[in-house]
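There are 2 protein chains.
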Amino acid sequence: MIDRIYSELRQQIVNRSIPPGAKLSETQLSKKWGVSRTPIREVLRRLESEGLVNSSPHRGFIVNSISIEDVDHIYTIKISLEGLAGRLATPIISKDPQKMKAIQNLIREMETHSKRMDVKAYSKKNLQFHISIWNWCGNPWLTKILNHLSSQLNRFIVSALHVPNRMERSVKEHRKIVEAFRMGDARAVEKALGAHFKRASEDLKNELIKKSE
Amino acid sequence: MIDRIYSELRQQIVNRSIPPGAKLSETQLSKKWGVSRTPIREVLRRLESEGLVNSSPHRGFIVNSISIEDVDHIYTIKISLEGLAGRLATPIISKDPQKMKAIQNLIREMETHSKRMDVKAYSKKNLQFHISIWNWCGNPWLTKILNHLSSQLNRFIVSALHVPNRMERSVKEHRKIVEAFRMGDARAVEKALGAHFKRASEDLKNELIKKSE
DNA sequence: AAGGACGAATTTGTATACACTTGCCTTGAA
DNA sequence: TTCAAGGCAAGTGTATACAAATTCGTCCTT
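Pasting the structure below:
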């Protein structure tokens, strides 16, 4: 039960249905879920050490805000670690025809969604693509960190892909990554992934600047 | 109070005075600290989501073990992120004479301890050296992750520096890093740090193989 | 009318109580 | 003597109760 509350609350924070800055009242949450405050507090403490909520003594918990600077900092780490994950995943993926096929299917679907300008469907497949790499990198610690960073970013990104031609360019970048996988060239995968996320971060930054103007 | 218990318990786990595999009884801990079980449980949940303890339903919490594979996985990430932190820290450190001086002082002390074969004092300064880089990289998320990884490793490393000439070689590697800082060459810092931790990880692995024979 | 101070209500922090699960120990039978 | 079954002790999971702190509203003063 407690795990259910945890994951559901977590998701609500990550997908912004509980917005940053919102107060998380223990009493309210315990009523909503029909449990006492004790398990609710444990859930909130877990979310706190994940960096998703903040607490101050006698004032309770609020959903952590994430600033533009934070996004920048997180992307800096992400660029490095996504590349690393790709490099580690290369021998695993390229030697396994089933995995290779799965990746190629994903990119084909992405292409279709891109042509139809279906941003939402595209984003979903895009995330699946990268999660596959995390899961196949063979380093569970790395997988966990990337998941973590991604959760934080999801709370910020409403949609960066509305930039004109973003999807089209993105497909090209992904094709480069897949090609490097196919060749089994780990360094090329690392480089292509790094470049891809660097561009993604720049696009996001530009979008944010435009919005703030 | 709860924070005090958290940090003290955490340190005891990290420095192995509570060994991996040890059972953490809520009742026992609450007696020891003179508080009720409620705050103890919150502390344990926090430690759980940090990956320092594991819990199973109705069986309580035990200190998480860390395997040789985990050490390998963590070092892989560390090599990448320590390099990144160094690269980011370069302009900050090299432009600040005070920081530059602090770093140079540390390496001088490390050299002294190395000559006297004082492993413990050396390790301490060595850690300080690297923590300085984390703190001056300007990316608090990165600092936090590196701290995190370091805590996990500390639980494993008894002493890798007993390898013959390890300290001497280590000093040389650090001097290379400092020299790159002095030149303001971020890429060189990144490379030197990466090489340093790669060698550290290999030394540790060799030590572990030797022990297991 | 505005600002501050006091007090009530709400909310958090912690203790305690009780239900339920687990694991151990005892006892009895093969 | 060994193994199994049942019960008991210990410990976790959760609810509830109470203490302490904060917040908000009201009232008084300037």
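Which chain is which? The protein sequence lines are H and C, in order. Note that the numbering used here gives residue 93 to position 93 of the first sequence, counting from 1, and the numbers run on in steps of one. Note that the numbering used here gives residue 372 to position 159 of the second sequence, counting from 1, and the numbers run on in steps of one. Backbone N, C-alpha and C define an ideal beta-carbon position, used for all residues, glycine too. These figures come from a predicted structure and were not determined experimentally.
Find the nearest neighbour of residue i within the set the options, judged by alpha-carbon distance.
i, options, result
"Ile-18(H)", "Ile-62(H), Glu-207(H), Val-35(H) and Asn-135(H)", "Ile-62(H)"
"Pro-57(H)", "His-326(C), Lys-411(C) and Ile-215(C)", "Ile-215(C)"
"Arg-429(C)", "Lys-244(C), Thr-240(C) and Ala-298(C)", "Here chain C comprises residues numbered 214 to 426, so residue 429(C) is not present and cannot be evaluated."
"Asn-367(C)", "Asn-348(C), Met-323(C), Ser-336(C) and Glu-381(C)", "Ser-336(C)"
"Arg-169(H)", "Val-71(H), Lys-23(H), Gln-12(H) and Ala-200(H)", "Ala-200(H)"
"Leu-265(C)", "Lys-328(C), Leu-237(C), Lys-333(C) and Lys-404(C)", "Leu-237(C)"
"Lys-312(C)", "Phe-410(C), Trp-349(C), Gln-224(C) and Lys-404(C)", "Trp-349(C)"
"Glu-207(H)", "Val-71(H), Glu-48(H), Lys-176(H) and Met-117(H)", "Val-71(H)"
"Lys-314(C)", "Phe-342(C), Val-332(C) and Lys-333(C)", "Phe-342(C)"
"Glu-48(H)", "Phe-197(H), Leu-9(H) and Val-35(H)", "Leu-9(H)"
"Arg-379(C)", "Trp-347(C), Arg-229(C), Gln-225(C) and Glu-415(C)", "Glu-415(C)"
"Tyr-219(C)", "Leu-242(C), Ala-235(C), Ile-346(C) and Trp-354(C)", "Leu-242(C)"
"Asn-267(C)", "Ala-235(C), Arg-250(C) and Gly-247(C)", "Ala-235(C)"
Quick one: which chain C residues come within Cβ less than 8 Å of residue i?
i, result
"Pro-140(H)", "His-286"
"Arg-199(H)", "Ordered by position in chain C, no residue passes the 8 Å Cβ test against Arg-199(H), which lies about 18 Å from the chain."
With the cut-off set at 7 Å, would you say residue i and residue j are in Cβ contact?
i, j, result
"Ile-287(C)", "Leu-362(C)", "yes"
"Gly-83(H)", "Leu-193(H)", "yes"
"Val-189(H)", "Thr-76(H)", "no"
"Phe-369(C)", "Ile-292(C)", "no"
"Ile-305(C)", "His-387(C)", "no"
"Leu-294(C)", "Leu-340(C)", "no"
"Val-391(C)", "Ile-344(C)", "no"
"Phe-171(H)", "Glu-109(H)", "In the sequence under discussion, the amino acid at residue 171(H) is Val, which differs from the Phe named in the question. Not in contact: Val-171(H) and Glu-109(H) (Cβ atoms no closer than 7 Å)."
"Glu-263(C)", "Ile-253(C)", "no"
"Arg-45(H)", "Arg-258(C)", "yes"
"Phe-394(C)", "Ser-307(C)", "yes"
Let me know if residue i comes out buried or exposed under the rule of 16 or more other beta-carbons within 10 Å of its beta-carbon.
i, result
"Gly-397(C)", "exposed"
"Asp-96(H)", "exposed"
"Ile-422(C)", "exposed"
"Asn-64(H)", "buried"
"Asn-139(H)", "buried"
"Glu-255(C)", "buried"
"Gln-365(C)", "buried"
"Arg-300(C)", "buried"
"Met-330(C)", "exposed"
"Lys-144(H)", "exposed"
"Lys-32(H)", "exposed"
"His-272(C)", "First, the amino acid is wrong: residue 272(C) is Arg here, not His. Arg-272(C) should be labelled exposed."
"Lys-333(C)", "exposed"
Can you name the residues of chain H whose CB is closer than 8 Å to the CB of residue i?
i, result
"Ile-290(C)", "Leu-81, Leu-84, Asn-139, Trp-141, Leu-142 and Ile-145"
In chain C, what lies closer than 7 Å to residue i by C-beta?
i, result
"Ser-65(H)", "Near Ser-65(H) there are no residues of chain C at all, since even the closest Cβ is about 14 Å away, more than 7 Å."
Chain H partners of residue i, CB-CB under 7 Å?
i, result
"Ser-262(C)", "Arg-46, Ser-49 and Glu-50"
Quick one: which chain H residues come within Cβ less than 9 Å of residue i?
i, result
"Thr-251(C)", "Thr-38 and Arg-41"
Hey, would you say the C-beta of residue i is under 6 Å away from at least one heavy atom of the ligand FAD?
i, result
"Leu-127(H)", "By its list of ligands, the structure shown contains no ligand whatsoever, and the ligand FAD lies outside what it can speak to."
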